[in-house]
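Data first, discussion second: the structure below is written as C-alpha cells.
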C-alpha cells in the first residue's frame, strides 16, 4: 500500500513538474526566437525611418498664408484673390479662417464678417476642391488665414 501511494505521489509530482518544465522551456524558446527576430530584422528600422521621413515631409507641406482686408470692405483686393486662386488650384484641400471685422459695435462687426464669408464662398465655389471656411475670433481683426495642404 505504501509503495502504491509512493508511486502515485511520485507520478503526480513527475507529471506536474514536466508540465511546468515544458511550459517553461517553450516560453524560453519563444523569447529566444523573438530576440533572434529582432537582431535579424534590420529592414523594420529602415521602414520606420522612411515612415518618419514621410510624416515630417507631410507636416512641411502644410502652409499658412495671411491676407488683410481693407477697412470696412467685404472683398479682398484683386491681387489677394489671384494669390488665393493660384494656391487653391495647386492644392486639393484648404481651410480658410476668417477673423472678426472691425466695426463700431458688435452687430456691425458680425454683419461685416458674415458678408466677407459670403463673398469668399461665392468666389471659391468655382474651384472644385475641398475648402472649409471657419470663423476664428482669436485671429487679429480684419485678417484671413488660408491653410493649404491641411
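Numbering (our numbering), first residue to last: 590 to 739.
Don't be surprised by glycine CBs; every beta carbon is placed ideally from N, CA and C.
Give me the Cβ distance between residue i and residue j, rounded to the nearest whole Å; I'm assuming they're in contact under 8 angstroms.
{"i": "residue 687", "j": "residue 710", "result": "In fact, because the Cβ distance is near 10 angstroms, the residues do not count as touching under 8 angstroms."}
{"i": "residue 733", "j": "residue 658", "result": "7 angstroms"}
{"i": "residue 673", "j": "residue 728", "result": "With a Cβ gap of about 16 angstroms, residue 673 and residue 728 do not count as contacting."}
{"i": "residue 680", "j": "residue 712", "result": "About 16 angstroms; that fails the 8 angstroms criterion."}
According to DSSP, simplified to helix, strand and coil, what is residue i?
{"i": "residue 645", "result": "helix"}
{"i": "residue 694", "result": "coil"}
{"i": "residue 622", "result": "helix"}
{"i": "residue 655", "result": "strand"}
{"i": "residue 734", "result": "strand"}
{"i": "residue 704", "result": "helix"}
{"i": "residue 688", "result": "coil"}
{"i": "residue 716", "result": "coil"}
Alpha carbon to alpha carbon, how far is residue i from residue j?
{"i": "residue 731", "j": "residue 719", "result": "24 angstroms"}
{"i": "residue 701", "j": "residue 642", "result": "44 angstroms"}
Buried or exposed for residue i, please, with buried defined as at least 16 other CB atoms from any protein chain shown within 10 angstroms of its CB.
{"i": "residue 665", "result": "buried"}
{"i": "residue 737", "result": "buried"}
When the Cα of residue i is compared with those of the options, which residue comes out closest?
{"i": "residue 765", "options": "701, 692, 685", "result": "Residue 765 is absent from the model: the chain starts at 590 and stops at 739."}
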